[in-house]
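Only one structure is covered here, and it is reproduced in the block below.
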Amino acid sequence: MGLNRLVKIELLFTGTSSQISIILDGKITRHENIGMGIEFRNLDLDAFFHLKNLITYNTNKIDTVKKKFQKFVEEKNREI
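Mapping of the sequence shown onto my numbering: residues 826 to 905, in sequence order.
So this is what it looks like as structure tokens:
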């Protein structure tokens, strides 16, 4: 998968009593042997919080993740 390629991603969140599916548009910003980075586009508020929670609950760098999400929100607020 090449850099800057536009992709469509489906994330499935499965709980004990429900399943949520979120389909996102994105752009590949990093592709390495250890993983890839995707810039998500056109996130609605629910999708944003589901992603934030998914990443926060699956990292050992919670403070870093919180700072990055805060920075993202601040940048988006400046665009408005």
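Backbone N, C-alpha and C define an ideal beta-carbon position, used for all residues, glycine too.
Check	Outcome
Which first and last residues belong to the beta strand (DSSP E) in which residue 849 is found?	844-857
Under the assumption that residue 864 contacts residue 852 (Cβ atoms under 8 Å), give the Cβ distance between them as a whole number of angstroms.	5 Å
Going straight from the alpha carbon of residue 885 to that of residue 904, what length do you get?	31 Å
Can you name, in chain order, every residue of its own chain whose Cβ lies under 6 Å from the Cβ of residue 849, other than the five neighbours on each side?	834, 865
Using 8 Å for Cβ pairs, my map puts residue 828 next to residue 856. What's the rounded Cβ distance?	6 Å
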